Structures are given as structure tokens and as C-alpha cells.
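A.B. asks: In this note's numbering, the protein residues as written are 14 to 175. Dropping a structure here in C-alpha cells format, bear with me for questions.
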Amino acid sequence: MPANHNDLIRIPAPTDAFKNEHRVTIHWQQMLSNKEANYTYMVGKDMSQGGAEVPVFIQEEWYSTSGLDQNATKTASGEYEFTLDKRLQYGQKNAAGEGRFLVWHDQGRKPYQASITGFETALASKGAELAQKLLAGSVLQDTAGQIKALGEAYAGDYLKTF
Numbered sequence: 014m015p016a017n018h019n020d021l022i023r024i025p026a027p028t029d030a031f032k033n034e035h036r037v038t039i040h041w042q043q044m045l046s047n048k049e050a051n052y053t054y055m056v057g058k059d060m061s062q063g064g065a066e067v068p069v070f071i072q073e074e075w076y077s078t079s080g081l082d083q084n085a086t087k088t089a090s091g092e093y094e095f096t097l098d099k100r101l102q103y104g105q106k107n108a109a110g111e112g113r114f115l116v117w118h119d120q121g122r123k124p125y126q127a128s129i130t131g132f133e134t135a136l137a138s139k140g141a142e143l144a145q146k147l148l149a150g151s152v153l154q155d156t157a158g159q160i161k162a163l164g165e166a167y168a169g170d171y172l173k174t175f
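Listed below in C-alpha cells is the structure:
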């Protein structure tokens with residue numbers, strides 16, 4: 014079952030090493046201009062669904078202790094938890110929610126769910142593990158060409174808001 018509105022998501026605490034290892038640059042077009050921004054990707058846990066894993070992208074400048082302290086709750090173990098609400102957006106393979114991933118960013122940014130230089134390219138170049146999570150339950154495998162095919166299925170659809 015995909016992550017849903019009001020689910021509780023747990024993510025790792027930010028460290029410089031983690032941010033550097035999990036940085037991806039997302040490219041998109043908006044208002045006839047080329048845009049790009051850095052995001053930090055991770056595999057979060059949906060605590061409302063027994064700790065099910067869910068891919069999460071957070072705007073790089075928001076993935077900091079000060080940013081999370083204002084918008085999430087720090088757990089005793091040092092991780093952070095937040096509720097899925099209108100602050101977050103998501104992309105998915107289909108209306109059933111297969112391959113759902115979460116995006117926490119300035120919603121003035123209007124990237125498509127994926128494009129040739131978007132989220133799936135970031136997954137292909139940076140995160141085989143995350144790509145596996147995104148593709149879980151789909152008929153696609155984790156080869157680069159098939160990840161591209163998945164991305165093409167997203168192209169044209171904007172991220173949705175919870």
C-alpha cells in the first residue's frame with residue numbers, strides 16, 4: 014500500500030556526509046525556463062504502515078537540523094518524523110499508487126513527476142537501492158533503460174499534493 018495522507022514518515026537525521034552522498038540535481042522546465050535544484054534523497058519509513066519503505070526527496074536547503082526542527086519531530090533515536098500533509102507532494106507510476114515517492118520542497122517549483130533529466134535520472138545515476146524501492150511492485154526491473162521507461166511514463170504529470 015502506498016504512503017497516504019496523514020501517514021507518519023520517519024527519516025534519518027541530516028549529516029554532511031549523508032547529504033553529500035545522497036545529493037541529486039533535478040532538472041525541469043517551468044514557464045519556458047530551464048530550472049534545476051538540489052535535493053537529498055533517502056528511503057524513509059512509513060510508520061503508519063509498519064515501517065514500509067518509501068523513497069523521499071527533500072529540497073537540499075530544507076534537509077538540515079534547523080529546517081527539520083521547525084517542521085518535524087525529533088525521535089529519541091535522533092531520526093525525524095513528520096505527517097504527510099499538504100506540505101508534501103508525491104509522484105507515482107499509476108492511480109493505484111504503485112512506485113509512489115515523496116517530495117518535500119517549495120511547491121512553487123513545478124517539476125513533472127519525472128522527465129528525461131528528472132527524478133528517474135537521479136535514481137539511475139545515484140541510487141540503485143532507491144530505484145529498487147521505487148520500482149518495487151512494478152513489472153520493470155532495475156536496468157538503466159527500464160528506469161528510463163518508467164520515467165517516460167511519469168513525464169507530463171506534475172507532482173500531486175497530499
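Backbone N, C-alpha and C fix where the C-beta goes; we use that ideal spot for every residue, glycine too. Remember, it's a predicted structure, so these values are computed and weren't measured experimentally.
Alpha carbon to alpha carbon, what distance is there between Ile24 and Phe95?
C.D. replies: Within the sequence shown, numbered from 1, the residue matching residue 95 stands at position 82. Within the sequence shown, numbered from 1, the residue matching residue 24 stands at position 11. C-alpha separation (whole angstroms): 9 Å.
A.B. asks: Checking the sheet assignment: what are the DSSP bridge partners for Arg23?
C.D. replies: Within the sequence shown, numbered from 1, the residue matching residue 23 stands at position 10. Beta-bridge pairing links Arg23 to Lys58 and Glu94.
A.B. asks: From Asp20 to Asn47, what distance separates their C-alpha atoms?
C.D. replies: Your numbering for residue 20 matches position 7 in the sequence shown. Your numbering for residue 47 matches position 34 in the sequence shown. Rounded to whole angstroms, Asp20 to Asn47 spans 33 Å at the Cα level.
A.B. asks: Measure the C-alpha to C-alpha separation of Ile129 and Tyr93 and round it to an integer number of angstroms.
C.D. replies: Here residue 129 refers to the residue found at position 116 of the sequence shown. Here residue 93 refers to the residue found at position 80 of the sequence shown. Residue placement at Ile129 cannot be trusted, given a pLDDT of 35 that sits under 50; the coordinates are not used to answer.
A.B. asks: So for Gln154, helix, strand or coil by DSSP?
C.D. replies: Taking the sequence shown and counting its residues from 1, the one referred to as residue 154 is at position 141. Annotation note: pLDDT 46 at Gln154 (below 50); position unreliable, no value reported.
A.B. asks: With distances taken from CA atoms, which of Lys123, Glu111, Leu172 and Tyr171 is nearest Met44?
C.D. replies: Translated into positions along the sequence shown, residue 44 becomes position 31. It is Lys123.
A.B. asks: Under three-state DSSP, which class holds Asn47?
C.D. replies: On the sequence shown, residue 47 is found 34 positions in, with the first residue counted as 1. Asn47 falls in the strand class under three-state DSSP.
A.B. asks: Which residues share a DSSP beta bridge with Lys87?
C.D. replies: In the sequence shown, residue 87 corresponds to position 74, counting from 1. Note: Lys87 sits in a beta bridge opposite Tyr93.
A.B. asks: Out of Gln102, Asp119 and Gln120, point me to the one whose CA is closest to Asn17's CA.
C.D. replies: Residue mapping note: residue 17 aligns to position 4 of the sequence shown, counting from 1. Of Gln102, Asp119 and Gln120, the residue nearest in Cα terms is Gln102.
A.B. asks: In the DSSP assignment, find the unbroken alpha helix (DSSP H) run with Phe70 in it and report its ends.
C.D. replies: Here residue 70 is taken as the residue at index 57 of the sequence shown, counted from 1. Where Phe70 is concerned, there is no enclosing alpha helix (DSSP H), although the beta strand (DSSP E) it sits in stretches over Ala65 to Gln72.
A.B. asks: Spatial neighbours of Gln105 within its chain, please: C-beta separation below 7 Å, excluding the five flanking residues on both sides.
C.D. replies: Mapped onto the sequence shown, residue 105 falls at position 92. Within the same chain, Gln105 has close Cβ partners Pro15, Glu111, Gly112 and Arg113.
A.B. asks: Do Ile22 and Leu81 count as a contact pair if the criterion is CB distance below 8 Å?
C.D. replies: Along the sequence shown, read from residue 1 onward, the residue named residue 81 stands at position 68. Along the sequence shown, read from residue 1 onward, the residue named residue 22 stands at position 9. No.
A.B. asks: Distance check for Val56 and Glu66, CA to CA, integer angstroms please.
C.D. replies: For the purposes of this step, residue 66 is taken as the residue at position 53 of the sequence shown. For the purposes of this step, residue 56 is taken as the residue at position 43 of the sequence shown. Taking the straight line from one Cα to the other gives about 6 Å.
A.B. asks: Between the C-alpha atoms of Ala50 and Asp170, what's the straight-line distance to the nearest angstrom?
C.D. replies: The residue you call residue 50 lines up with position 37 of the sequence shown. The residue you call residue 170 lines up with position 157 of the sequence shown. If I take the Cα positions, the gap works out to 19 Å.
A.B. asks: When you compare only the Cα positions, how much space is there between His35 and Gln120?
C.D. replies: Counted from its first residue, the sequence shown places residue 35 at position 22. Counted from its first residue, the sequence shown places residue 120 at position 107. Cα to Cα, the separation comes out at about 21 Å.
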